[in-house]
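Novice:
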Amino acid sequence: MSIIKDFLLQLTLMVIPIFIYFTFITERVKSEKNRIVIMSILWGISIFICMSFPVSFGQNARLDLRIIPLLFGSLYGKFGSAIFLSALIILYRLYLGISLGFYNTVLVLLLSLPVILLFQKAFASSNKDKKVKIAVGLAFYYCIIGITFFGVLRGFSIDYLKVQIIQLIFVVVVTWFLTKLNEGIRDIHQLRLEMQNSEKLRVISELTSVFAHEIRNPMQVTRGFLQLLNEPDLSNEKKEYIQISIEELDRANEIINDLLSFGKPSINNNERIDVGSQLQRVVKIIKSYSLSHNVEIKTDLLENCWIYGNSQKLKQSLINILKNAIESMPNGGIVWITCTFTSDGFIKIIIKDQGIGMTKKQIDRLGTPFYSLKERGTGLGMMVSFQIIRSLKGKVQVNSEKNLGTEFIILLPQIN
Ligand code: ADP
Ligand code: MG
Numbered sequence: 001m002s003i004i005k006d007f008l009l010q011l012t013l014m015v016i017p018i019f020i021y022f023t024f025i026t027e028r029v030k031s032e033k034n035r036i037v038i039m040s041i042l043w044g045i046s047i048f049i050c051m052s053f054p055v056s057f058g059q060n061a062r063l064d065l066r067i068i069p070l071l072f073g074s075l076y077g078k079f080g081s082a083i084f085l086s087a088l089i090i091l092y093r094l095y096l097g098i099s100l101g102f103y104n105t106v107l108v109l110l111l112s113l114p115v116i117l118l119f120q121k122a123f124a125s126s127n128k129d130k131k132v133k134i135a136v137g138l139a140f141y142y143c144i145i146g147i148t149f150f151g152v153l154r155g156f157s158i159d160y161l162k163v164q165i166i167q168l169i170f171v172v173v174v175t176w177f178l179t180k181l182n183e184g185i186r187d188i189h190q191l192r193l194e195m196q197n198s199e200k201l202r203v204i205s206e207l208t209s210v211f212a213h214e215i216r217n218p219m220q221v222t223r224g225f226l227q228l229l230n231e232p233d234l235s236n237e238k239k240e241y242i243q244i245s246i247e248e249l250d251r252a253n254e255i256i257n258d259l260l261s262f263g264k265p266s267i268n269n270n271e272r273i274d275v276g277s278q279l280q281r282v283v284k285i286i287k288s289y290s291l292s293h294n295v296e297i298k299t300d301l302l303e304n305c306w307i308y309g310n311s312q313k314l315k316q317s318l319i320n321i322l323k324n325a326i327e328s329m330p331n332g333g334i335v336w337i338t339c340t341f342t343s344d345g346f347i348k349i350i351i352k353d354q355g356i357g358m359t360k361k362q363i364d365r366l367g368t369p370f371y372s373l374k375e376r377g378t379g380l381g382m383m384v385s386f387q388i389i390r391s392l393k394g395k396v397q398v399n400s401e402k403n404l405g406t407e408f409i410i411l412l413p414q415i416n
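The sequence shown maps to residues 1 to 416 in this note's numbering.
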């Protein structure tokens, strides 16, 4: 019984740092890098606590739950976190004295750390269920290696094995529970951020529809008069001024269109849409624009990709994305558009360019109002597109590499 009590004590002390992390750090520390550093230090403290209160049995044998903080620090952190935590384990074990246990620790780490690092990337990009499986699998692997080395170095005995089996069960169950908990808390944080964002968007949309209507009328009147003034006998200089004024008004009008379509509550104009033919229409609309930018558009569209929604809005969202793809290639190039099905019931549209690409930071900012890197950009196109795709219950994924190109993957729920 006292063994279980010892493990429980370790567990209780070990989780304190992680609760500190979620309560005080996640929301306050904005930079991802600092967050990982703080998290690694807190997991380091967990390791320190585990190793300071081990379950003692047999000849100088100590067992503890250090794998759990090591595993979490490595999987949720970076390469450096894993190395830092492993170094901490070895140094602290060294401080406790060089004995069989020290060699045991080093050998187990040598065999398990590379495997943990191997799974680090896959873990980061996995969904919740797969994360739980990876974490539990790795914890199990570590314990089995630990038991094997322990046996080889000190000989197998039923009594030792009993304690180790208890450790294994503890480690696996706690890893399973903590991964679930961790993911659960992350979901809640994510949801909170999204809610804050949607509240912001709601306020913007209310404001914009009011402003847009007020500004549009006088602008249209001015444009009309400018066109009347633009007579053949006017001097070239004056003509140029008028042309510029008209262009600027058109630009303002474009911004207002974007704002309006964002602010307008969606009237229920929903219908069955064939995404393939909608894409063909979009390509036709944008043809002259792409030719003037020296861009060729290549399509590979399946037929009968049906979704349910507002076709005008879908069209606008695709045009915005396509326009960006064209504009990302100042020296021309190719844009590929494909439309296929996925096995899990989505229509998958891919729009891929060979343009200037984006850094991870730039991708994260995509869709925030007025974010634009273009001299004459409005920074509204992506905001509108994302909002439309969201309203169609779809998802967007953006993959991009600086100077190589960008790929927008749009998933929309399929109907029959
Ligand atoms: P705008 O096009 O008016 O600048 P958007 O909201 O359409 O506004 O796009 C925001 C920014 O995102 C752009 O200024 C550009 O820097 C970046 N961006 C969007 N799509 C791409 C792309 N396909 N390739 C490179 N950068 C892009
Ligand atoms: Mg744009």
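By construction, the Cβ of each residue, glycine as well, lies at the ideal position given by its N, Cα and C atoms.
Since the structure is predicted, the reported quantities are computational estimates derived from the model, not experimental observations.
Rounding to the nearest angstrom, what Cα-Cα distance links Gly394 and Leu314 in this structure?
Specialist: 11 Å
Novice: Given a cut-off of 7 Å, decide if Tyr142 and Ile67 are closer than it, judged by their beta-carbon atoms.
Specialist: yes
Novice: Taking 6 Å as the cut-off, is the beta-carbon of Gly381 closer than that to any non-hydrogen atom of the ligand MG?
Specialist: yes
Novice: Could you check what DSSP says for Tyr371 in three-state terms: helix, strand or coil?
Specialist: coil
Novice: What does DSSP give as the partner residue(s) for Asn399 in the beta ladder?
Specialist: Glu407, per the DSSP bridge assignment.
Novice: Pick out whichever of Ile349, Thr179, Val163 and Leu65 has its Cα sitting closest to the Cα of Leu75.
Specialist: Thr179
Novice: Which residues mark the beginning and the end of the alpha helix (DSSP H) in which Lys348 is found?
Specialist: No alpha helix (DSSP H) contains Lys348, which is instead part of the beta strand (DSSP E) from Phe346 to Lys352.
Novice: Pull up the DSSP beta-bridge partners for Lys298, would you.
Specialist: Answer is Trp336, bridged to Lys298.
Novice: Please tell me whether, using a cut-off of 6 Å, the distance from the CB of Asp353 to the nearest non-hydrogen atom of the ligand ADP is below it.
Specialist: yes
Novice: Measuring only the C-alpha atoms, how far is Gln243 from Ile410?
Specialist: 38 Å
Novice: What is the DSSP secondary structure of Leu421, counted as helix, strand or coil?
Specialist: With the chain covering only 1 through 416, there is no way to say anything about residue 421.
Novice: What do you get for Met382, buried or exposed, if any count of 16 or more other CB atoms within 10 angstroms of its CB means buried?
Specialist: Counting other Cβ atoms within 10 Å of its Cβ, Met382 reaches 16 or more and is therefore classed as buried.
Novice: Quick one: give me the first and last residue of the alpha helix (DSSP H) that Glu32 is part of.
Specialist: It spans Glu32 to Ser52 - the alpha helix (DSSP H) in which Glu32 sits, taken as one unbroken run.
Novice: Quick check: Gly357 and Leu404, are their CB atoms within less than 7 Å of each other?
Specialist: yes
Novice: Ordered along the chain, which non-local residues of its own chain (more than five positions away) have a Cβ less than 6 Å from that of Gln164?
Specialist: Ile147
Novice: Hey, is the segment 319–333 in contact with the segment 286–305, meaning 3+ C-beta pairs nearer than 8 Å?
Specialist: yes
Novice: Quick one: residues in its chain with C-beta nearer than 6 Å to the C-beta of Cys305, no 5 flanking neighbours on either side, listed in chain order?
Specialist: Val275, Gly276, Cys339 and Ile347
Novice: Can you determine whether any heavy atom of the ligand MG sits closer than 6 Å to the C-beta of Lys323, and answer yes or no?
Specialist: Answer for Lys323: yes, Cβ within range of the ligand MG.
Novice: Would you check whether the ligand ADP has a heavy atom nearer than 6 Å to the C-beta of Ser328?
Specialist: yes
Novice: Using 8 Å for Cβ pairs, my map puts Phe84 next to Gly44. What's the rounded Cβ distance?
Specialist: 7 Å
Novice: Counting Cβ pairs closer than 8 Å, one from the segment 214–234 and one from the segment 185–194, do we hit at least three?
Specialist: no
Novice: Identify, in the order they occur along the chain, each residue of the same chain with its Cβ nearer than 7 Å to the Cβ of Met219, setting aside the five sequence neighbours on each side.
Specialist: Taken in chain order, the residues that qualify are Leu249, Ala252 and Asn253.
Novice: I need the straight-line Cα distance from Ser125 to Ile134, nearest angstrom please.
Specialist: 12 Å
Novice: Output the boundary residues of the beta strand (DSSP E) element that contains Glu271.
Specialist: It spans Glu271 to Asp274 - the beta strand (DSSP E) in which Glu271 sits, taken as one unbroken run.
Novice: Report the three-state DSSP secondary structure of Gly73 (helix, strand or coil).
Specialist: It is helical.
Novice: May I ask you to list the residues that DSSP assigns as paired with Gly309?
Specialist: Glu271
Novice: Which residue comes first and which comes last in the alpha helix (DSSP H) that contains Asn234?
Specialist: It is worth fixing the name first, because residue 234 is Leu in this sequence and not Asn. No alpha helix (DSSP H) holds Leu234; DSSP gives it neither H nor E.
Novice: Here's a check: name, in chain order, each residue in its chain whose Cβ is nearer than 7 Å to the Cβ of Ile204, leaving out the five neighbours to either side.
Specialist: Pro369
Novice: In the DSSP output, what is Arg62 paired with across the bridge?
Specialist: Ser56
Novice: Between the alpha carbons of Ile388 and Ile166, how many angstroms are there, rounded?
Specialist: 53 Å
Novice: Run the CB neighbour count on Ala122, radius 10 Å, all protein chains shown included, and call it buried at 16 or more, exposed below.
Specialist: exposed
Novice: Would you mind reading off the limits of the alpha helix (DSSP H) that contains Ser385?
Specialist: Gly381 to Ser391
Novice: Is the beta carbon of Leu260 within less than 6 Å of some heavy atom of the ligand ADP?
Specialist: no
Novice: Please report how far the alpha carbon of Asn269 lies from the alpha carbon of Ser317, in whole angstroms.
Specialist: Distance between the alpha carbons of Asn269 and Ser317 is about 16 Å.
Novice: For Ser81 and Pro114, I'd like the C-alpha separation in whole angstroms.
Specialist: 13 Å
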